[in-house]
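**Student:** Protein chains in written order, with our numbering: chain L, 2 to 242; chain X, 147 to 504; chain P, 7 to 261. No residue lacks a Cβ here, since even glycine has one placed at the ideal position from N, Cα and C.
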Amino acid sequence: MLLEIKNLYVKYGNIEALHGISFTVDRGEIVTLIGANGAGKTTTLHAITRVPPPEGSKVSNGDILYNGKSLLNVPAHSIVSDYHIALAPEGRHIFGNLTVEENLKLATYSRPDDDSQKKDYQRVYDLFPKMAERRNQRSETLSGGEQQMLSVSRAIMTACDFLMLDEPSMGLSPLLMYDMFRVLKTLNEEGMTILLIEQNANLALKFAHRGYVLDTGEIVASGTAGELLNNPEIKKAYLGV
Amino acid sequence: MKKFSVPVLLTIFAVGTVLAAHFELLDLYIQTVIMFIGVNIILSSSFNIINGYMGEFACGHAGFMAVGAYVTSVLNIMFFTNSKTFGDSILSPELALWFFPVTMLLGGIAAAITGLLVALPSFKTRDDYLAIITLAANFILVSMFINMDSVGGARGLMGMKQIIFSMEDVAFIPWMLIWTFVFTYATVFVIRRFVTSTYGKGIIAIHQDEIAAEIMSVNTNKMKLVAFMLSSGLAGIAGGLFAHILGYINPNSFNILKSTECLVMVYLGGMGSLSGSVIAAIIFTLLIEGLRFIIPAMDTLIHFVPLVPETFHLSQVLKWVIIPLILVILMQFRPEGIMGNRELSDFFPKLKKYYEFK
Amino acid sequence: MSLLKIKGLTQQFGGLTAVSDFATEFQGNELMGLIGPNGAGKTTVFNIVSGFYKPTEGKILFAEKPIDGLKPHKVTAMGIARTFQNIRLWHDMSLLDNILISQHYNLGYNLFDLFVRNKRYVENEKRMRNIAMQLLEQLDLVQFMDEKPKNLPYGVQRKIEIARALSVKPSLLLLDEPAAGLNSSDVQELIKLIAWIHKEFKIAIWMIEHQMAVVMSLCSWIQVIDFGKTIAEGTPEQIQNNPAVIKAYLGDENI
């Protein structure tokens, strides 16, 4: 088991956002968390990446185990540099006044400047040819889809082996959305473990191996992607068919 | 009848204070403190229109106060007193009493027009840039008065006591106290009417999302103009009162330090809370005046400890350590101020039964 | 007579051409879609029509009157309302205030009336409140009247933004990616809502959207743009099978 969330409770001030959720992610898997807005999906990712308050929140109970070690007392930067967990956040959060290449360069801050780094630049530019094209362009001038690609590319550049994505399809045209998911699939086949949050539950379940359904801070269903896709109740409540 | 409780209480308080002052039950110092509270209420609640309700960061409120103070004072001196600079009185000094509200309003209007100095740039800029513009406006206005010899230049302007004397010649009652109550109550009333109307709420919409405001048919430029002019106009009124309470003014009493006091009051009370502004003005004035006594008392107290050397004294400058420190602590533990953006009636819903201001 | 007529619309930012020679026309109360890849210039078209940009070239006639170069609040007052991709409500005000403030185009009183609170003020405030309440009832939002939008679910916020746009009694409603950020079941609700609004209010609706389920089930006519140029237009069936559109926009569904 790579990541294990055990009975996690998270609070914003006095308001409890997660009421004891548990789930696991195995090495090499794609797992998706689906559910409505406000269900607690982003809160879960923030808890794992240890984002401090006010944006992040306080874990009041439970544990987050990564490779069997608890992450609860690990500072946020160390999650990236020592545990190689990366997040492509919702809303991208790219450094708008830097160029594409500078954005990628910043992501390598904590890794040695060696051959593997050079290889990763090449890998990113291969996966997203658009990024190579826009290499020297200020990133705030990129279109929404390109910014999303940059956000994912930046996460890859941290040399992570566990990638978390918060709504990567948000605002993307169908073409770009399918392209993005194909790239993610390739990454996964090369060994990347992926935890995905997605509003578009249909798409997420077609892409993932397993899924968990989150509703107002609790996990209400789980199973393989196929099981969830064919579960009539889930279909009605989340897939909108 | 319940709904008249609050207005009646407010009237009783005002009349009671004036009567107490008239029969010399309140000493002059306490009267002055009460009047300063009034001036500060006008300053903080009018400044709140911009920094609280409209969400801009302006920091030159004292500049507009100066315009009001000078215009009102000069008009009064010119018309109702014999002075070296402005010659003999144009109208009979007894009329000063009746024309005082008029000159105050003229001072307010002059300040409102000066408010254009920041209102017009606000169409195109906001945030830090606008803050710098307001700061510059404050400096420009102060140095303008410093360099105007006809109004006393850096030495300041005197002679407003004459006006009070001629009012007292008509009837010997504490006029300034009355005027302070009238203008303070009126200011709070006017601002309340403004921000509770659909028209006035346009500025709150600008605060929360200017683009949405423009697209939902709010004429944002016009609203900014109205907000800045109303705010600076009321600051001018506060300036007029201030000048006549003190009896003399000096350009440097309207410098950036005074604007900072206004900022402190707004943030202490809570941005976008009218009752917060009022409460903050009261607390702030009492605090400043209170420290006048507390610091010497503490000084005496520490000298009971034999270790403290005789030559060591706590100075009044400590005031400017204590007040900012309170602000720092407040921002740490209650960054939204005393009231946040809520009103007293939001905290005590039962209060609503006791008034019905429209 | 046409409701909206756009001809030769071109918008340049510096050296970049965001929209080039764009044209479209609304005869009456159609429901049309505007789709295209990210960065194709769709939102720019909406921004021009709603008055945020003055076009470099081109004409926009709304109800036979030119509107290019008018300020956004003027355009809104003339009857074009819009929503935004990332919901732009006034999040710290009650829902009722959100609707009320949108009546600024038709206040009916001035500052003087406000300060003296005369009959004109009282009557107009009452009138605006009635308009707002009626709208909230129609859209089944009365229960949230005193709530602040930030405390409501995203799907409801989206509905409120549409309600707010309707409160200016528009004859053309622009919806910029109404389904963005909604989950699949909310999307179904949204489709029903838009269809109902179109029928009930008898207004023209122009929509930018990436979710094909929404566009294909609602729009009678779809225009596809890429790099600021129209590459195709037609009925949903025609668009879905147009090879140029598939290549530039729809893509291959197999992951």
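Would the beta-carbon of G257(P) fall within 8 Å of that of S177(P)?
**Tutor:** No, the pair does not count as a contact, with Cβ atoms beyond the cut-off.
**Student:** Give a yes or no on whether the minimum CB-CB distance between S343(X) and chain P is below 8 Å.
**Tutor:** Chain P, which has a Cβ nearer than 8 Å to the Cβ of S343(X), makes this yes.
**Student:** DSSP beta-bridge partners for P72(P)?
**Tutor:** P72(P) is bridged to L67(P).
**Student:** Classify S461(X) as helix, strand or coil using the three-state DSSP reduction.
**Tutor:** DSSP places S461(X) in coil when its eight states are reduced to three.
**Student:** Going by DSSP, which residues form a beta bridge with F24(L)?
**Tutor:** F24(L) pairs with I6(L).
**Student:** Could you list the residues in the segment 220-248 of chain P with a C-beta less than 8 Å from some C-beta on chain B, going in chain order?
**Tutor:** Included in the structure are the protein chains L, X and P, with no chain B among them.
**Student:** If you pair each beta-carbon of the segment 244-253 of chain X with each one of the segment 414-421 of chain X, do three or more pairs fall below 8 Å?
**Tutor:** Verdict: no, contact absent.
**Student:** Can you tell me which of the three DSSP states R51(L) falls into?
**Tutor:** If DSSP states are grouped into helix, strand and coil, R51(L) belongs with coil.
**Student:** Of all Cβ atoms in chain P, is any one closer than 8 Å to the Cβ of R139(L)?
**Tutor:** False, the Cβ-Cβ gap to chain P never drops below 8 Å.
**Student:** What does the Cβ neighbour count give for P61(P), buried or exposed, with the cut at 16 atoms within 10 Å?
**Tutor:** By the neighbour-count rule (16 or more Cβ atoms within 10 Å), P61(P) is buried.
**Student:** Look at V25(P) and T49(P) and say whether their C-beta atoms are less than 8 Å apart.
**Tutor:** No; because the gap between Cβ atoms is not below 8 Å, this pair is not in contact.
**Student:** Relative to chain P, which residues along the segment 212-233 of chain L have a C-beta separation below 8 Å, given in chain order?
**Tutor:** The residues in question: there are none.
**Student:** Per the DSSP calculation, D64(L) is bridged to which residue(s)?
**Tutor:** DSSP, once it has assigned bridges, lists K7(L) as partnering D64(L).
**Student:** Could you spell out the range, first to last residue, of the alpha helix (DSSP H) harbouring M132(L)?
**Tutor:** From DSSP, the alpha helix (DSSP H) with M132(L) extends over P130 to E134.
**Student:** If the cut is a Cβ gap below 9 Å, which residues of chain P does M171(L) touch?
**Tutor:** Within chain P, the residues near M171(L) are A186 and G187.
**Student:** Pull up the DSSP beta-bridge partners for T100(L), would you.
**Tutor:** Partner(s): R139(L).
**Student:** Answer with buried or exposed for R135(L), where buried requires no fewer than 16 other C-beta atoms within 10 angstroms of its C-beta.
**Tutor:** Counting Cβ neighbours within 10 Å, R135(L) comes out buried, since at least 16 surround it.
**Student:** Give me the Cα-Cα distance between G42(P) and Q148(L), rounded to the nearest whole angstrom.
**Tutor:** Rounded to the nearest angstrom, the two C-alpha atoms are 17 Å apart.
**Student:** On the DSSP bridge list, what partners appear for W227(P)?
**Tutor:** Beta-bridge pairing links W227(P) to M38(P).
**Student:** Kindly indicate the opening and closing residues of the beta strand (DSSP E) around G379(X).
**Tutor:** Here G379(X) belongs to no beta strand (DSSP E); instead the alpha helix (DSSP H) covers T366 to L392.
**Student:** So the candidates are N231(L), L164(L) and H94(L); which of them puts its Cα closest to the Cα of I195(L)?
**Tutor:** Comparing Cα-Cα distances from I195(L) to each of N231(L), L164(L) and H94(L), the minimum goes to L164(L).
**Student:** Looking at the structure shown, is I395(X) part of a helix, part of a strand, or coil, going by DSSP?
**Tutor:** Strand at I395(X).
**Student:** Reducing DSSP to helix, strand and coil, say where K230(X) ends up.
**Tutor:** Reduced to three states, the DSSP call for K230(X) is coil.
**Student:** When burial is assigned at 16 or more other CB atoms within 10 Å of the CB, is Q244(P) buried or exposed?
**Tutor:** Exposed, because fewer than 16 other Cβ atoms sit within 10 Å of the Cβ of Q244(P).
**Student:** Keeping to the same chain, check which residues put their C-beta closer than 7 Å to that of V297(X); ignore five residues upstream and five downstream.
**Tutor:** Answer for V297(X): Y216, V220, F291 and L303, listed in chain order.
**Student:** Is Y13(L) close to chain P, meaning its C-beta is less than 8 Å from at least one C-beta of that chain?
**Tutor:** So, not an interface residue.
**Student:** Report the option in F439(X), M477(X) and S405(X) whose CA atom is closest to the CA atom of L460(X).
**Tutor:** Of the candidates F439(X), M477(X) and S405(X), the one whose C-alpha sits nearest the C-alpha of L460(X) is F439(X).
**Student:** Taking the continuous beta strand (DSSP E) assigned at Y213(L), which residues delimit it?
**Tutor:** Unbroken beta strand (DSSP E) run through Y213(L): R211 to D216.
**Student:** Just the C-alpha distance for N189(P) and I93(P), rounded to the nearest angstrom, thanks.
**Tutor:** The alpha-carbon atoms of N189(P) and I93(P) are separated by roughly 15 Å.
**Student:** So is Q149(P) buried or exposed if we call it buried at 16+ other beta carbons inside 10 Å?
**Tutor:** It counts as exposed.
**Student:** Per the DSSP calculation, S71(L) is bridged to which residue(s)?
**Tutor:** According to DSSP, which records beta bridges pairwise, S71(L) is partnered with L66(L).
**Student:** With three or more beta-carbon pairs closer than 8 Å as the criterion, would you say the segment 347-355 of chain X touches the segment 180-193 of chain X?
**Tutor:** Touching, no, given that fewer than three Cβ pairs across the two stretches are closer than 8 Å.
**Student:** Just to make sure I have the definition right: I need the residues of chain X whose C-beta is within less than 7 Å of the C-beta of Y111(P). Which are they?
**Tutor:** Within 7 Å Cβ-Cβ: S363.
**Student:** Under 7 Å Cβ to Cβ from Y122(L), same chain only, skipping five residues before and after it: list those, please.
**Tutor:** So the list reads L105, once near-sequence residues are dropped.
**Student:** Quick one, are the C-beta atoms of K149(X) and A265(X) less than 8 Å apart?
**Tutor:** No, Cβ-Cβ distance for K149(X) and A265(X) is not below 8 Å.
**Student:** Taking the straight line between their C-alpha atoms, what separation do you get for A317(X) and P481(X)?
**Tutor:** Spanning the two alpha carbons is a distance of roughly 48 Å.
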